[in-house]
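Chains as they are written, first to last, in this note's numbering: chain A, 275 to 653; chain B, 378 to 670; chain C, 84 to 338.
By construction, the Cβ of each residue, glycine as well, lies at the ideal position given by its N, Cα and C atoms.
Quick caveat, the model's predicted, so the values are computed rather than measured.
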Amino acid sequence: MAKKGGNNRKKSTRTYIFSFALILVFWAVVEILGHMNMLSSKMLGLLIPICAYAIMAVSLNLVVGFLGELSLGHAAFMLAGATAGVVFYNSAGLNMPQVLRVIITLVIGAAAAGLFGVIVGVPVLRFSGDYLAIVTLAFCQILKNVLSTTYLGVDSAGIHLAFDQGSFRLEPGAKPLIKGAQPISGINKISPDMMVSFTVGIVLLILTVAFVLNLMNSRAGRAITAIRDDEIAAKSIGINLTRYKLMAFISSAVFAGLAGVIYVLNLSTLDFKKYDYNLSINVLVMVVLGGMGNVPGSIIAAALLTFLPELLRNFSQYRMFIYSIVLIVIMLFNQAPAFVQLRQRLTAKIRGKNAQEPEGGEKADTEFFEAKKQGKEDE
Amino acid sequence: MQFLGYLISGISLGSVYALIALGYTMVYGIAKMLNFAHGDVIMVGGYMVYFTFCSRGWNPLLAVLFAMAVCTLLGITIERVAYRPLRSAPSLAVLITAIGVSFLLQNSAMLLWKSDPKSFTSIISMDPITIAGGQLSIPAETIVTILVSVIIMIILIWFVNKTRIGHAMKAVSEDRGAAQLMGINVNGIISLTFAIGSGLAAIAGALLLSSYPTLIPTTGAMPGIKAFVAAVFGGIGSIPGAFLGGVLLGVIENLSKAYISTQLSDAIVFLVLIIVLLVKPTGLLGKKTAVKV
Amino acid sequence: MALLEVTNLGISFGGLQAVSGFELEIESGHLYGLIGPNGAGKTTAFNMLTGMYVPSQGNIVLDGVDITGKSPEFISKAGIARTFQNIRLFKGMSVLDNVKVGMHNRVTYSMWHGIFRDGVFRDRERQMDKKAMDLLDVFGIADKADYVASQLPYGEQRKLEICRALASDPKLLLLDEPAAGMNPNETLELRETVRKVRDDFNIAILLIEHDMKFVMGICEEITVLEYGKIIAHGDPESVSNDPRVIAAYLGGDDD
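Encoded structure:
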């Protein structure tokens, strides 16, 4: 009785400390280098994308790693948040003090993405596995296509919304907010000082990580993990499957919306075409490489994969080629039974006497998949 | 009359989707996996025909046969190297690996053949057919595509239902373990399924590019996804379902392009998929499987 | 009034009547057995009692509350918990968390308490930890609280599953073949555990079991199903001598 939940607790504390230390060290290093003018403009340009992708990966991990459902439409939530945020930012937000303007933009982006999460989640979460993957992908394509045919603008007569160019007329001088498939451009940056924008990104990343870790280490998080491990057993102990699946799904969407907002405010343009399933898959790859249910892993993977093109600048045409091979090899190495056994034998040898050391909290991909698979076989 | 024209070209586009969907559905039925890279095999098939027929002037039939041979080999290799080691791993792991393979094919093509678009010459050198006293002209590609797809589907249905190997395929699809115990070479059957699917993808690639002649390394991605949608739409695992789903999808896409909006046609296709799945989660011709507690 | 009253319960799947005319009356603090050849409909009956299947006819009343065709969530809250034939633990979670998740509807707090880790959160979590550790202690696996559930040996996984079910403070506990796959020693130990559960927690237990020695040695009342219908009911002595029961087992040799 003395070691009440001891190791388990320690393990989750370790995850907290490691995650936050990781983010803060990254922030501090960048700040120091920035003040010493040691960052190239290319590097500076990568800072916000790294924060945005890290938020995307951590939030997708909530659905893929913790809930155990494959979503191929995470980019859609990023797009929903970015679009709603930019529409506000470029219209009503224009006359506000910048701090307030950014905060409201973030809130609107998060809310819009969350709303889209509800719209998608309610029908989609009735599916599972491959079907859920393809339906989330479908929603992502739908949003992208619909936005590409949307025309939105404001003039003295009020708000104009149309779905074809012909019927969209604005007073001379009024600037359209969305012009169909044309990218929205001329979005002001959060601040002329990149370091300020970067700090905003870091704060949002910390919020995301704190939310996800706290959620997963609470009653709701246990319910979500239970659903992943065995839906039928979860049902039998009175867990409302829909409620917790939606909770994970919508939370994940909200943070993707935040990521979308900071991403476009940094980029200054919003091109709907870019938010397709390829982007969703890139984020998924970050989650897989970082480890299912592994929050700091997602952050590291997101940072590395965003930095990679810079590191491989001279081989940039090989980047995606290398990336795909790495992905396949990692999946084979982590998942193929032959490799898994080999690895287990090796770790057993290395661990020697310490074998059977208990583990809690997050876990290796293999165990995750094994639990998932056995759940499936038992059905 | 115009409507008939849109309808026929929709059926033709749908026939291509159906050919690709057949590959998806057979692999899903027998290997129980979603081969995300299937669409990119079409692209490889397209390049093979391009380099032999369009650039070197081979006989079109020979060029397609060559492309089929290359794609068949490619399909078998992909299965052997990337999917077979994961045979007993859960579907999520296999799906992500398949996505990796899809990336690999696209990026290899990008490195080998560059990303600039190649313009494809139609493999069918026949004159358009005019009907209704010249009011409607149907390209020969359209007719050939529909005919080829129908013939292939009939052959496949005959093959699966009437031949020994076809029966073995059905057995593997029903219960892999039991099939193995009955002495069926499960690995062989799965390889064969990938071979057939990839061979069909090569034909699909040649036909698709004859009607839509722009060839780039990502040419196969969108038709691949739509064909998968078609397979799910028709009921994944069912050969007639894949055909029905493909044709319907092509028709819906073409008619929405003609009468609603080109931009929205994809959105409409996906919306229809979502609605069909919500109403009938197993697709139009799919079988229901019960969950045992 | 009895704790559980089941009257004329039946279900059919696509025209096939899997269970019909199922009746049961259960009192608190007693041990009941449900036996029958394979495919007799025992697990189907469990699935109706727990809301996994919606019965086609009949009534289930638990402690005065009609739970017929209600959701598993409702029924779990009303006070029925179960285990599964093929152990269904949350394999990736720790032993302790498996029990804590069993308290899902007993010790509650909203998502936001968890997000802000406030006083309510800390208080409830402490409460859960204590209750979970006490339960694990009863089953002698408290020292393994931090293990991942899948690391436990088979017998302890069965115990943990019972622990998890008990964590929801049930009035009625359904055990689906608890002794399956156990060796004679483990079965003997399980028998003591089940008795202890009934006495310590003062709840009713209904169990499905193929091990006749186990059932006869522990249950006070036994119901026998064959082809979805009750063919016998009574104390172990009378049931085991019932010619119809003997015929059912010896005739239906798929067991």
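List the residues of chain A that LYS183/C touches, going by C-beta distances under 7 Å, in chain order.
ARG496
LYS449/A (DSSP reduced to helix, strand or coil)
coil
When you compare the segment 609 to 626 of chain B with the segment 381 to 399 of chain B, are there three or more beta-carbon pairs, one atom per stretch, that lie closer than 8 Å?
yes
Indicate whether LEU648/B and ILE416/A have their beta-carbon atoms separated by less than 8 Å.
yes
Expected contact under 8 Å - CB spacing of HIS113/C and GLU275/C to nearest Å
Rounded, the Cβ-Cβ distance is 17 Å, inconsistent with contact.
Are the C-beta of ARG493/A and some C-beta of chain C separated by less than 8 Å?
yes
Applying the criterion that 16 or more other CB atoms from any shown protein chain within 10 Å of the CB defines a buried residue, is HIS544/B buried or exposed?
exposed
Could you list which residues in chain B have their beta carbon closer than 9 Å to that of PRO611/A, in chain order?
PRO462, LEU463, ARG464, SER465, ALA466
Beta carbon of GLN640/B nearer than 8 Å to that of ASN552/A
no
What number of angstroms, rounded off, separates the C-alpha of LEU463/B from the C-alpha of ALA331/A?
25 Å
Is there at least one Cβ from chain C nearer than 8 Å to ALA629/A's Cβ?
In this predicted model, ALA629/A has a pLDDT of only 41, less than 50, meaning its place in the structure is not dependable enough to derive any value.
Mark LEU344/A as exposed unless 16 or more other C-beta atoms lie within 10 angstroms of its C-beta, in which case mark it buried.
buried
Any idea what DSSP makes of ARG165/C, helix, strand or coil?
strand
From this set, SER479/B, LEU650/B, GLY582/B, which residue's C-alpha is nearest ALA444/B's C-alpha?
GLY582/B
Give me whichever residues DSSP pairs with LEU255/C in a beta bridge.
ILE163/C, ALA287/C
Go ahead and pull the three-state DSSP assignment for THR449/B.
helix
Would you identify the three-state DSSP class for ILE291/A, choosing helix, strand or coil?
helix
Mind the definition here: the segment 284 to 299 of chain A touches the segment 444 to 460 of chain A only if three or more C-beta pairs lie below 8 Å; say whether that holds.
no
Mind checking who PHE546/A pairs with in its DSSP beta bridge?
Looking at the DSSP assignment, PHE546/A forms no beta bridge with any residue, so it has no partner.
Taking the straight line between their C-alpha atoms, what separation do you get for THR410/A and THR357/A?
19 Å
Between the segment 288 to 306 of chain A and chain B, which residues of the former have a C-beta closer than 7 Å to a C-beta of the latter?
none
Might you give, ordered along the chain, the residues of its own chain that have their beta carbon closer than 7 Å to the beta carbon of THR570/B, omitting 5 neighbours on each side?
MET403, VAL404, ILE407, ALA408, MET546
If I follow the unbroken beta strand (DSSP E) through SER103/C, where does it start and stop?
99 to 109
So which residues on chain A does GLY477/B lean against when the C-beta distance must stay under 7 Å?
SER598, LEU601, ILE602, MET605
May I ask you to report which of helix, strand or coil DSSP gives LEU626/B?
helix
At least 3 beta-carbon pairs within less than 8 Å: the segment 452 to 462 of chain A vs the segment 527 to 545 of chain A
yes
Does the pairing of the segment 374 to 390 of chain A with the segment 426 to 442 of chain A give three or more beta-carbon distances under 8 Å?
no
May I ask which residues mark the beginning and end of the beta strand (DSSP E) holding ASN562/B?
Where ASN562/B is concerned, there is no enclosing beta strand (DSSP E), given that its DSSP letter is neither H nor E.
Give the C-beta separation of LEU481/B and SER598/A to the nearest angstrom, bearing in mind that I take them to be a contact with Cβ-Cβ under 8 Å.
4 Å
Have a look at VAL190/C and ASP217/C and give me their C-alpha separation to the nearest angstrom.
15 Å
Round the Cβ separation of THR507/B and SER496/B to the nearest angstrom and send it over; I've been treating them as touching at under 8 Å.
With a Cβ gap of about 26 Å, THR507/B and SER496/B do not count as contacting.
List, in chain order, every chain C residue whose beta-carbon is nearer than 9 Å to that of ASN672/A.
Chain A is shown only over 275 to 653; residue 672/A falls outside these bounds and no answer can be derived.
Looking at the unbroken beta strand (DSSP E) that takes in ALA436/A, where does it start and where does it end?
432 to 436
From VAL361/A to ALA577/A, what distance separates their C-alpha atoms?
29 Å
What's the gap between the Cα of ASP212/C and the Cα of PHE284/C?
19 Å
If we ignore side chains and look at the alpha-carbon of each, how far apart do GLY175/C and SER233/C end up?
7 Å
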